[in-house]
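Here our numbering is used: the first residue of the sequence shown is 1, the next is one more, and so on.
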Amino acid sequence: MAGMDEENIWVTQSRNGDHAAFESLIREHQGMIHALTYRMTGSLADARDLTQETFIRAFRQLATFRGEAKFSSWLCRIAVNACLNWRARESRRTEIHRRWSDENLEAGAGGESSRVLPDQTSARVQAALNRLPAKQRAALILTVYEELSLEEAARVLQCTTATAGWRVFAARAKLKQWLQPRRNDDE
Numbered sequence: 001m002a003g004m005d006e007e008n009i010w011v012t013q014s015r016n017g018d019h020a021a022f023e024s025l026i027r028e029h030q031g032m033i034h035a036l037t038y039r040m041t042g043s044l045a046d047a048r049d050l051t052q053e054t055f056i057r058a059f060r061q062l063a064t065f066r067g068e069a070k071f072s073s074w075l076c077r078i079a080v081n082a083c084l085n086w087r088a089r090e091s092r093r094t095e096i097h098r099r100w101s102d103e104n105l106e107a108g109a110g111g112e113s114s115r116v117l118p119d120q121t122s123a124r125v126q127a128a129l130n131r132l133p134a135k136q137r138a139a140l141i142l143t144v145y146e147e148l149s150l151e152e153a154a155r156v157l158q159c160t161t162a163t164a165g166w167r168v169f170a171a172r173a174k175l176k177q178w179l180q181p182r183r184n185d186d187e
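And the structure:
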């Protein structure tokens, strides 16, 4: 475990562009941040991603670290915010999948065969999203899951607002078609 003086030196060196010093900070705090993100998510894969995201954000925001708190506390705040943002995205995704399912179940006017378990629905929606062309999928995810406006999504995608709107429209039409409950021909 590094002492506070050594950690402060690493922070100062990292601010001055010393990548090896920042790697030392990562090695020092990686276990703690991974444990925190794992407890927040309950998923090893998501915890790994969020740990990486935490250190990337920390590196980009290093100039904002004032040293009023311990570096580890500052890192934990970044990690918690990353986890809260992740949770909000996951909640939006789950809610969107549930809505798609509800709409499609109602449209299917249902027999018992149209009943789908939530996990199956989520998997079907994710599989359908994965089938979309990349640019349509990106436009839909940015506007629906990330709740960006069409103008903001267009800037991210480096296209016109009209093009972003068309991509969202086309993606929704395909998803609606692909996610319609299948009826048996024998009915």
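For glycine and all other residues, C-beta sits at the position ideal for the given N, C-alpha and C.
(request) Determine the DSSP secondary structure at LYS70, reduced to helix, strand or coil. (result) On the sequence shown, position 70 is the one that residue 70 refers to. In the structure shown, LYS70 sits in coil (DSSP, three-state: anything other than H, G, I, E or B).
(message) If we define contact as Cβ-Cβ less than 7 Å, is ALA63 a contact residue for chain B?
(response) In summary, chain B is missing from the structure at hand, where a single protein chain is found.
(request) Run through the segment 129-185 for me and flag every whole alpha helix (DSSP H) of 4 or more residues, listed as ranges in chain order. (result) Those alpha helix (DSSP H) runs which fall completely within the segment 129-185 and span 4+ residues are 134-140, 150-157, 161-179.
(message) Just to check my reading of the structure: TYR145 and ARG89 have Cβ atoms closer than 8 Å, yes? What is that Cβ distance to the nearest angstrom?
(response) To locate residue 145, count along the sequence shown from 1; it is residue 145. To locate residue 89, count along the sequence shown from 1; it is residue 89. So it is a contact: roughly 6 Å between Cβ atoms.
(message) Could you tell me the alpha carbon to alpha carbon distance between PHE71 and ALA164, rounded to whole angstroms?
(response) By one-based count along the sequence shown, residue 71 stands at place 71. By one-based count along the sequence shown, residue 164 stands at place 164. Looking at the two C-alpha atoms, the distance is approximately 41 Å.
(message) Can you check which of these residues, MET40, VAL168, THR12, is closest to ILE141 by C-alpha distance?
(response) By 1-based counting over the sequence shown, the position of residue 141 is 141. Nearest of MET40, VAL168, THR12 to ILE141, Cα basis: VAL168.
(message) Judging by CA-CA distance, which residue of THR143, LEU157, THR161 is the nearest neighbour of GLU151?
(response) In the sequence shown, the residue the question calls residue 151 occupies position 151. Of the candidates THR143, LEU157, THR161, the residue whose Cα lies closest to the Cα of GLU151 is THR161.
(message) How far does the alpha helix (DSSP H) with SER24 in it extend, from its first residue to its last?
(response) As a working note, residue 24 is residue 24 in the sequence shown. Note, SER24: alpha helix (DSSP H), 19-41.
(request) Can you say whether GLU68 is buried or exposed, counting buried as having 16 or more other CB atoms within 10 angstroms of its CB? (result) Position 68 of the sequence shown, counted from the first residue, corresponds to residue 68. With fewer than 16 other Cβ atoms within 10 Å, it is exposed.
(message) Report the CB separation of VAL80 from HIS97 in whole angstroms; it is logged as a contact under 8 Å.
(response) Taking the first residue of the sequence shown as 1, we reach residue 80 at position 80. Taking the first residue of the sequence shown as 1, we reach residue 97 at position 97. Actually they are not in contact, since the Cβ atoms of VAL80 and HIS97 sit about 26 Å apart, beyond 8 Å.
(request) Grab me the residues of GLN61's own chain with a C-beta within less than 8 Å of its C-beta, minus the 5 sequence neighbours each way, in chain order. (result) Within the sequence shown, numbered from 1, the residue matching residue 61 stands at position 61. Result list for GLN61: ILE78, in chain order.
(message) I'd like to know whether the C-beta atoms of HIS29 and ALA47 end up nearer to each other than 7 Å.
(response) Counted from its first residue, the sequence shown places residue 29 at position 29. Counted from its first residue, the sequence shown places residue 47 at position 47. No; because the gap between Cβ atoms is not below 7 Å, this pair is not in contact.
(request) To the nearest angstrom, report how far apart ILE9 and MET32 are at their CA atoms. (result) Numbered from 1 along the sequence shown, position 9 holds the residue referred to as residue 9. Numbered from 1 along the sequence shown, position 32 holds the residue referred to as residue 32. Those two C-alpha atoms are separated by around 20 Å.
(message) Can you give me the C-alpha to C-alpha distance between ASP123 and GLU95, rounded to a whole angstrom?
(response) If you number the sequence shown from 1, residue 123 lands on position 123. If you number the sequence shown from 1, residue 95 lands on position 95. For clarity, residue 123 is Ala in the given sequence; the question names Asp instead. Within the model, the alpha-carbon separation for ALA123 versus GLU95 is close to 13 Å.
(request) Can you give me the Cβ contacts of LEU179 inside the same chain, cut-off strictly under 7 Å, excluding the 5 residues immediately before and after it? (result) For this step, residue 179 is matched to residue 179 along the sequence shown. Taking LEU179 as the centre and dropping the five residues before and after it, the same chain places the C-beta of TRP100, ASN104, ARG124, VAL125, ALA128 closer than 7 Å to its C-beta, in chain order.
(message) Closest to SER73 by C-alpha separation, out of ASP49, GLU7, LEU148, would be which residue?
(response) Position 73 of the sequence shown, counted from the first residue, corresponds to residue 73. SER73 has its Cα closest to that of GLU7, out of ASP49, GLU7, LEU148.
(message) Going by DSSP in three states, ASN85 sits in which element: helix, strand or coil?
(response) Counted from its first residue, the sequence shown places residue 85 at position 85. In the displayed model, ASN85 falls within a helix according to three-state DSSP.
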